[in-house]
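Below is one structure; the comments refer to it alone.
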Amino acid sequence: MLDVLWWWVLLLLPLPFIIRHKPVQASHQTALKLAGAGRGLRQGKRPLTRLARPGLWLVWMLLVLACARPQWVGEPIPIAQEGRELMLALDLSGSMEIPDMKLNGDTVDRFTMVQHLSAEFVSRRQGDRLGLILFGDRAYLQAPLTQDSRSIVQYLEEAQLGLVGNQTAIGDAIALAAKRFDQRSDSNKVLVLLTDGSNTAGSLSPQQALELAKAVGVVIYAIGVGADEMEQRSLFGSFKVPTASDLDEGALKAMANATNGEYFRARSSQDMQRIYQAIEQLQPIEAEGNQYRPRTELFYLPLLLALLVCAIQLLSPWVPNWRPARGDA
């Protein structure tokens, strides 16, 4: 929707018309006339083009419109009444490459399924402050807490397996999340931890990191990813085989229970969707009545158009008189 912030500036539009038609009092003072002066001025005067006066009016209107600060107002975005900080920690270890998941009828690896459904989950969390941690050999903050959910989705889509190593530093991921939460804030602090293994790397153990999370008041929702079996194809047809898994469900359950969170197991994409729906019910968005509409400044458009009209006005008297040079016959 188009809006004008300083609409009262538009009242200046008729100002040149008022000045032009203001009555001028005749002066009776004696003037010194020089012979031939008027004729010289008339000879040196360049006649105005037909578009000069309408062009000047157009430039004036465009400048006034630019000063009025036109803006494009976007769609309403809800703001949570109850502040919530939600950090997503995603495992990028080598085992996430196991293709034991189905997504929209296609066989995909664990990472692709988690990546796709996590992006959908983030898109629905309008009003929350969201962040993203990627962990493998170590944990890295990919995106600090922000209300710009679209940037988090973009970072999720750009994540790749092996980007941070092939091991699993669960303790470092929890500790990094606890450090990045605003400790001065009274808002809910939620960590959604997605992994398919156990802690095999990092400088901190999950128990040490858990103490840091409890001190800050972080609620951990741990999600264990991985199917019990996967489909393989051969010359003799397809058959199912058990998948190798290092998932430490006991440790994940203990961490979730110690922080008043919950542990979930995602054996399929349907499980993952139900898990995110359950988290949304446990941590609902309370945004009734609180919304904001993003505004984009558009003043530069009429300003650029005014400069273009001025350029045309300045160049137009010379264009009709230009002729290409002709060679001698």
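Note that full-length UniProt numbering has the sequence shown beginning at 1, numbered continuously upward. Using N, Cα and C, we set each Cβ at its ideal position, and we do this for glycine too. Predicted model, so just to flag it, every value in this text is computed and none were measured.
*Rounded to whole angstroms, what's the CA-CA distance from TYR276 to MET1? Just pull it up for me.*
The sequence position of residue 276 within the sequence shown is 276, counting from 1. The sequence position of residue 1 within the sequence shown is 1, counting from 1. Using only the alpha carbons, I get a separation of about 33 Å.
*Could you name each continuous alpha helix (DSSP H) segment of 4 residues or more that falls completely within the region 138–189, going from the start of the chain to the end?*
DSSP runs (the alpha helix (DSSP H)) wholly in the region 138–189: 149–158, 170–180.
_Beta-carbon spacing of ILE152, LEU193 below 8 Å_ = Position 152 of the sequence shown, counted from the start, is the residue given in the question as residue 152. Position 193 of the sequence shown, counted from the start, is the residue given in the question as residue 193. Judged by beta-carbon spacing, LEU193 lies beyond the 8 Å limit of ILE152, meaning their Cβ atoms are not closer than that value.
*Look at the alpha carbon of THR259 and the alpha carbon of PRO70, and state the distance between them as a whole number of angstroms.*
The sequence position of residue 259 within the sequence shown is 259, counting from 1. The sequence position of residue 70 within the sequence shown is 70, counting from 1. When rounded, the distance between both Cα atoms is 49 Å.
*asked:* Within the continuous alpha helix (DSSP H) that includes LEU282, where are the two ends?
replied: Along the sequence shown, one-based indexing puts residue 282 at 282. Where LEU282 is concerned, the enclosing alpha helix (DSSP H) stretches over 269–282.
_Where LEU315 falls: helix, strand or coil (DSSP)_ = Working through the sequence shown from its first residue, we reach residue 315 at position 315. The answer is helix: DSSP assigns LEU315 an H, G or I state.
*Would you please state the rounded distance, in angstroms, between the beta carbons of ASP196 and SER95? I believe it to be under 8 Å.*
In the sequence shown, residue 196 corresponds to position 196, counting from 1. In the sequence shown, residue 95 corresponds to position 95, counting from 1. Contact between ASP196 and SER95 holds: their C-beta atoms lie close to 5 Å from each other, under 8 Å.
*Exposed or buried, what is ARG124 when buried is set at 16 or more other beta-carbons lying within 10 Å of its beta-carbon?*
For this step, residue 124 is matched to residue 124 along the sequence shown. Flag for ARG124 reads exposed.
*Measuring CA to CA, which of VAL164, ASP109, ALA159 is closest to GLY136?*
One-based indexing of the sequence shown puts residue 136 at position 136. If we check each option's Cα against that of GLY136, VAL164 comes out closest.
*Please report the Cβ distance between GLU85 and ARG129, rounded to the nearest whole angstrom; I am assuming they are in contact, meaning their Cβ atoms lie under 8 Å.*
The residue given as residue 85 occupies position 85 in the sequence shown. The residue given as residue 129 occupies position 129 in the sequence shown. With 8 Å as the limit, GLU85 and ARG129 qualify as a contact, their Cβ atoms being about 5 Å apart.
*Residue range of the beta strand (DSSP E) that VAL225 falls in?*
In the sequence shown, the residue the question calls residue 225 occupies position 225. Element bounds for VAL225: 218–225.
*Taking only the alpha-carbon atoms, compute the straight-line gap between LEU62 and PRO76 and give it to the nearest angstrom.*
Within the sequence shown, residue 62 is the residue found at index 62, counting from 1. Within the sequence shown, residue 76 is the residue found at index 76, counting from 1. The C-alpha of LEU62 lies about 29 Å from the C-alpha of PRO76.
*Where ARG295 sits in the DSSP three-state scheme*: Position 295 of the sequence shown holds residue 295. The DSSP-derived three-state label of ARG295 is strand.
_Please classify PRO14 as buried or exposed, where buried requires at least 16 neighbouring CB atoms within 10 angstroms._
In the sequence shown, the residue the question calls residue 14 occupies position 14. PRO14 comes out exposed.
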